[in-house]
Amino acid sequence: MNATTIPCHEGPVRRLLREAGSTRLTLVLLAVVALAVIAHARIEGGLAGPLAAAFALAAANLGAALLANERLRADLALFVFHLALLVLLALAALGRLTALTGTLELAQGEVFDGRLLTQESGPLHPDGLTRLRFVNDGFTIAYAEGWRRGRTSNDVRVFGHDGRATRHTIGDIEPLVLDGYRFYTTPNKGFAIVMRWVPRGGQPPERGTVHLPSYPLNEHRQAQSWRIPGTSREAWVMLDLDAPAIDPSRASTFQLPGAHRLVFVTGGERRELRPGDNFAVPEGVLVYEGLTAWMGYKVFYDPTLPWLLACAGVGVLALAAFFWRRFVRERGPA
Amino acid sequence: MEAQLLGAAVAGYGLAGSLAVVATVLCRRLETVIVGLLAGGLVAHTASLALRWDRVGHGPFISMFEVLSSNVWSLTLVFLAAYLRVRAVRPAAAVALPFIFVLMAWMLVTHPDDGHFPATYRTLWLYAHVGFGKVFLGSLLVAAAVGVLMVSGPPGARALRAGGIADEVRAEHLALRFLALAFVFESLMLVTGAIWAQDAWGRYWAWDPLETWSFLTWLALAALLHARFTLRLAPRATAIAIAGVFVLAILTFFGLPFVSTALHKGAI
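Protein chains in written order, with the numbering used here: chain A, 35 to 368; chain B, 23 to 290.
So this is what it looks like as structure tokens:
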């Protein structure tokens, strides 16, 4: 952190490094980073580009200082702290290039097949999701009075590359980690309508689920529209409950509603269905089999995570060692 | 009993703070009485917090009342430790303890509701994150209190001299020691918070309002330490800057919860 020593015969590269690593420039760049962070936070959608540029400039200044500032290199603890900062910035940038975040929903008994509902990934992300398989074996969520969500416990079965299944329980702060991909349960969950579609053309029947909006967040909007597979026919369903599935007046758990009706509308025709009821249309027959639950998951992948943690740990230790020596062992005014 | 113990703690803290101001203004030595009152207040406050913890089933991390109460406790604890360990810090009680009064007054007008303890809080990272944060704020309070005395003219200089600090340079050195401690503990708070956020929300950093302003506080601390050692700031300039960083930290951790609707609320 002290002033750079200026050699008598300084080459152009060394001079450039010294100027780029100037400690006065560091202060300016810290202010630039602060402004970029504030702008990123204040502007809708963020300002990722300027933020990355500000951090890149700060990293360049730090790198040049590590090379050119002899006082910085002479103090091991201070050098390690600044080096850790630089590596941290580099790892964070690498992480953004290789990371993936996404969401998916799985009904009870449904197998994850590598497809995500939403996805955002860096250009260098090595897509390994398609080889991962796990099944949602059902979940429990405790609720305190007033629909205050408590512990979530989700049983999953993971199928390894050899086809063997292993059981895990995940939820809240315990993700399922598969090949570096971290799957988290989320507050986004609800009811799913299980339907069987029997086409008239002799094609094999299909069984699937229609996920209703998250419950209890959308308690009064339990409706969904979808297209019947293999047809151009639009259908709309609404779950009509006699009472809330989760009683808000007492401690309870997430559970499937007991008494309910399913309002089914297609081609201008409306009917109320109960489990086992059929609905015939010109293209085939839909059979309402019943209700199940779906869980929304968040998936996160960043191969730099353990390195970021190690780097941050080393950096803080080095900083503590530097201050310990400066303020405790070497007592007296600076 | 919980309320009575809290009342006793508030009385102890209030009396200790009043005596600290009197001692500074009149140059009286009341250190033993001040330590006794602060320690007694802390014992009563600890018992009150423990009873509440046992009653509601979770620590003081949720409602504003709990957060203010636990911060009054931790700031007093850190200040008392500094008061006992570093004699030169003692005159700063006349600045630090009145600040804690303000938090106490805020706490007393806040509704003491229990709050709901989220499932994602059932982790040791909560205690690490919050614990580091409290040491950070406590250390910053000590540094800022010394800094305020430094810029308080002759009364401040007289108070510092009574604590054995002969000049501004030594006072600045004292403030910087605590500022450095605050910087290390804020770094630890950010790292443990990121680990917890990864487990709880599936991301280690997302620039939510509290993350943003915590990082800006860290950046301000880093810039201040950097400026002090590279530009050789004058002691008074350092003192004013320390007070500025303290204000930023207080606005971040106690002001942001009122303007942010983000999941990640502060003040813990």
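Ideal Cβ placement from N, Cα and C applies to all residues, glycine included.
It should be emphasised that the depicted structure is a prediction, and the values quoted were computed from it without experimental measurement.
Confirm, please, whether the CB-CB distance from residue j to residue i is below 8 Å.
{"i": "A4 (chain A)", "j": "L273 (chain A)", "result": "The question about residue 4 (chain A) has no answer, for chain A in this structure spans 35 to 368."}
{"i": "A277 (chain A)", "j": "Y177 (chain A)", "result": "no"}
{"i": "L241 (chain B)", "j": "V67 (chain A)", "result": "yes"}
{"i": "F173 (chain A)", "j": "S155 (chain A)", "result": "no"}
{"i": "T265 (chain A)", "j": "E317 (chain A)", "result": "yes"}
{"i": "T54 (chain B)", "j": "P113 (chain B)", "result": "no"}
{"i": "A6 (chain B)", "j": "V157 (chain B)", "result": "Here chain B covers residues 23 to 290 and nothing more, so residue 6 (chain B) does not appear."}
{"i": "L73 (chain B)", "j": "N93 (chain B)", "result": "no"}
{"i": "G143 (chain A)", "j": "P337 (chain A)", "result": "no"}
{"i": "A116 (chain B)", "j": "A165 (chain B)", "result": "no"}
{"i": "V211 (chain A)", "j": "V190 (chain A)", "result": "no"}
{"i": "L296 (chain A)", "j": "E306 (chain A)", "result": "yes"}
{"i": "R216 (chain A)", "j": "F361 (chain A)", "result": "no"}
{"i": "Y331 (chain A)", "j": "T200 (chain A)", "result": "no"}
{"i": "L129 (chain B)", "j": "F87 (chain B)", "result": "For the sequence presented, residue 129 (chain B) should be read as Met rather than Leu. Their beta carbons are under 8 Å apart, which means M129 (chain B) touches F87 (chain B) by this criterion."}
{"i": "G301 (chain A)", "j": "R267 (chain A)", "result": "yes"}
How big is the Cα-Cα spacing for residue i and residue j?
{"i": "G175 (chain B)", "j": "L119 (chain B)", "result": "20 Å"}
{"i": "A94 (chain A)", "j": "A124 (chain A)", "result": "11 Å"}
{"i": "A265 (chain B)", "j": "A181 (chain B)", "result": "18 Å"}
{"i": "I217 (chain B)", "j": "W147 (chain B)", "result": "8 Å"}
{"i": "V62 (chain A)", "j": "A263 (chain B)", "result": "16 Å"}
{"i": "L27 (chain B)", "j": "T98 (chain B)", "result": "16 Å"}
{"i": "A70 (chain A)", "j": "L270 (chain B)", "result": "17 Å"}
{"i": "V100 (chain B)", "j": "P157 (chain A)", "result": "47 Å"}
{"i": "E323 (chain A)", "j": "N312 (chain A)", "result": "9 Å"}
{"i": "P257 (chain B)", "j": "L91 (chain A)", "result": "30 Å"}
{"i": "R76 (chain A)", "j": "L85 (chain A)", "result": "12 Å"}
{"i": "I290 (chain B)", "j": "G45 (chain A)", "result": "The pLDDT assigned to I290 (chain B) is 37, lower than 50, so where the model puts this residue is not dependable; a value taken from the coordinates is nonetheless given after this. Spanning the two alpha carbons is a distance of roughly 52 Å."}
{"i": "V121 (chain A)", "j": "T145 (chain B)", "result": "29 Å"}
{"i": "L210 (chain B)", "j": "L163 (chain B)", "result": "18 Å"}
{"i": "V173 (chain B)", "j": "L59 (chain B)", "result": "28 Å"}
{"i": "F225 (chain A)", "j": "T234 (chain B)", "result": "36 Å"}
{"i": "E208 (chain B)", "j": "L243 (chain B)", "result": "9 Å"}
{"i": "H80 (chain B)", "j": "G63 (chain B)", "result": "22 Å"}
{"i": "R49 (chain A)", "j": "L59 (chain A)", "result": "14 Å"}
{"i": "S91 (chain B)", "j": "I84 (chain B)", "result": "11 Å"}
{"i": "L353 (chain A)", "j": "G194 (chain A)", "result": "43 Å"}
{"i": "L325 (chain A)", "j": "V228 (chain A)", "result": "6 Å"}
Put residue i into one of helix, strand or coil per three-state DSSP.
{"i": "R185 (chain A)", "result": "strand"}
{"i": "V299 (chain A)", "result": "strand"}
{"i": "E208 (chain B)", "result": "helix"}
{"i": "E154 (chain A)", "result": "strand"}
{"i": "W128 (chain B)", "result": "helix"}
{"i": "N252 (chain A)", "result": "coil"}
{"i": "Q5 (chain B)", "result": "Since the first and last residues shown for chain B are 23 and 290, residue 5 (chain B) lies out of range."}
{"i": "Q26 (chain B)", "result": "helix"}
{"i": "P367 (chain A)", "result": "In this prediction, P367 (chain A) scores a pLDDT of 49, lower than 50, which makes its location untrustworthy; the coordinate-derived value is nonetheless stated afterwards. Here P367 (chain A) sits in coil by DSSP."}
{"i": "S283 (chain A)", "result": "coil"}
{"i": "N222 (chain A)", "result": "strand"}
{"i": "A38 (chain B)", "result": "helix"}
{"i": "T200 (chain A)", "result": "strand"}
{"i": "W229 (chain B)", "result": "coil"}
{"i": "P233 (chain A)", "result": "strand"}
{"i": "I272 (chain B)", "result": "helix"}
{"i": "L307 (chain A)", "result": "strand"}
{"i": "V315 (chain A)", "result": "strand"}
{"i": "S236 (chain B)", "result": "helix"}
{"i": "G136 (chain A)", "result": "strand"}
{"i": "L97 (chain B)", "result": "helix"}
{"i": "V244 (chain A)", "result": "strand"}
{"i": "E208 (chain A)", "result": "strand"}
{"i": "R216 (chain A)", "result": "strand"}
What residues match up with residue i in a beta bridge as DSSP calls it?
{"i": "V145 (chain A)", "result": "A:V169"}
{"i": "M86 (chain B)", "result": "M86 (chain B) pairs with nothing; no bridge assigned."}
{"i": "T326 (chain A)", "result": "A:A226"}
{"i": "H294 (chain A)", "result": "A:L275"}
{"i": "I175 (chain A)", "result": "A:T186"}
{"i": "V192 (chain A)", "result": "A:F168, A:T200"}
{"i": "W260 (chain A)", "result": "A:A269"}
{"i": "K156 (chain B)", "result": "Answer is none; K156 (chain B) lacks a bridge partner."}
Where the region 236-253 of chain B meets chain A: residues whose CB sits under 9 Å from a CB there
Those residues of the region 236-253 of chain B that come within reach of chain A (Cβ to Cβ, closer than 9 Å) are F237, L238, L241, A242, A244, A245, L247, H248, A249, R250, F251, T252, L253.
What residues in the region 173-204 of chain B have a beta carbon less than 7 Å from any beta carbon of chain A?
Of all residues in the region 173-204 of chain B, the ones placed with a Cβ closer than 7 Å to any Cβ belonging to chain A are V191, R192, H195, L198, R199, A202, in chain order.
In chain order, what residues of the region 332-345 of chain A put their CB closer than 9 Å to some CB of chain B?
Those would be K332, V333, F334, D336, L339, L342, L343, in chain order.
Can you give me, in chain order, the residues of the region 101-132 of chain A that have a beta carbon less than 7 Å from any beta carbon in chain B?
Here the close residues number zero.
Residues in the region 52-64 of chain A having any Cβ partner in chain B nearer than 8 Å:
From the region 52-64 of chain A, only T57, R58, T60, L61, L64 have a Cβ closer than 8 Å to chain B.
For the region 276-308 of chain A, which residues have a CB atom closer than 8 Å to at least one CB atom of chain B, in sequence order?
So the list is empty, because no residue satisfies the distance condition.
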